[in-house]
Amino acid sequence: MSTGVIVDKAAFRRNLRHELEAIRGRWIWLVILGIAMVVFGTLAIGAPLIASVATAFTLGVLLLMGGAAQLVGAFWTRDWSGFFLVLMMGVLYIVVGLLMLNRPIEALEAMTLLVACGLMVGGLFRAIGSISYQFPQWGWVFVGGLIELALGIMIWMQWPAASLWVIGLFVGIDMIFSGWTWIMLGLRLRHLGSHLHHRHDATMVPPAHA
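Heads up: the sequence shown begins at 12 in the numbering used here, then just goes up one per residue.
Quick look at the structure:
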């Protein structure tokens, strides 16, 4: 059993290194992408209302596109038993997308309420689960659950006014963290490329003769 796990880990590492080597020449583009995401994330945090409305419009457009694709797929498979289910899902996507485009503030209020509920429920279950199982480092998970619960309660108490900034703030924070991830990955690929280059040069040096 342990031998199989070791083999799987070794194969995973080989595959991961092969994939990283395949894209290491494009590390600069990953860094540029990361910097752009950090910049736009910072702008989103600085102007959360604009970012929130832009998010609502973007989701509305995506829902419209998804609904149209669902309808086309439904009519292509009219003889399928799930035709009406796919058709209704497409109609629902389009209706919700139109509502988000026509009433973005109300859409933000609904999304903010869902975020608050998700934070409260997730934080509560995380705190209770950490106390119940008390796995290693459970204290940090418990504290994180309490913070998540408190954040959800705070958003709930400030709703609907919080809908003007919550979504944009969360999007900005997510973009910043994602941007830093891309930057670190790009720099890591650059380091990997230079490391492999030095190893290749070392293997090409002929051994010294006495």
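Glycine included, each C-beta is placed from N, C-alpha and C at the ideal position.
Sort the options by Cα distance to residue i and report the nearest one.
i: residue 138; options: 154, 74, 148 and 39; result: 154
i: residue 61; options: 198, 178, 185 and 202; result: 178
i: residue 57; options: 184, 162 and 170; result: 184
i: residue 65; options: 38, 37, 82 and 113; result: 113
i: residue 172; options: 45, 79, 119 and 49; result: 119
i: residue 100; options: 88, 77, 162 and 148; result: 77
i: residue 135; options: 121, 148 and 159; result: 159
i: residue 175; options: 149, 198 and 121; result: 121
i: residue 59; options: 186, 194 and 195; result: 186
So, with DSSP's three-state summary, where would you put residue i?
i: residue 176; result: coil
i: residue 59; result: helix
i: residue 148; result: coil
i: residue 81; result: helix
i: residue 115; result: helix
What separation, rounded to the nearest whole angstrom, lies between the Cα atoms of residue i and residue j?
i: residue 182; j: residue 95; result: 35 Å
i: residue 201; j: residue 38; result: 6 Å
i: residue 41; j: residue 167; result: 37 Å
i: residue 53; j: residue 141; result: 33 Å
i: residue 164; j: residue 116; result: 21 Å
i: residue 157; j: residue 80; result: 41 Å
Contact the region 182-195 vs the region 71-91: 3+ CB pairs below 8 Å
Remark: fewer than three beta-carbon pairs, one from each stretch, lie closer than 8 Å, so the region 182-195 and the region 71-91 are not flagged as touching.
Contact between the region 96-109 and the region 122-132 (3+ Cβ pairs under 8 Å):
These segments do not touch.
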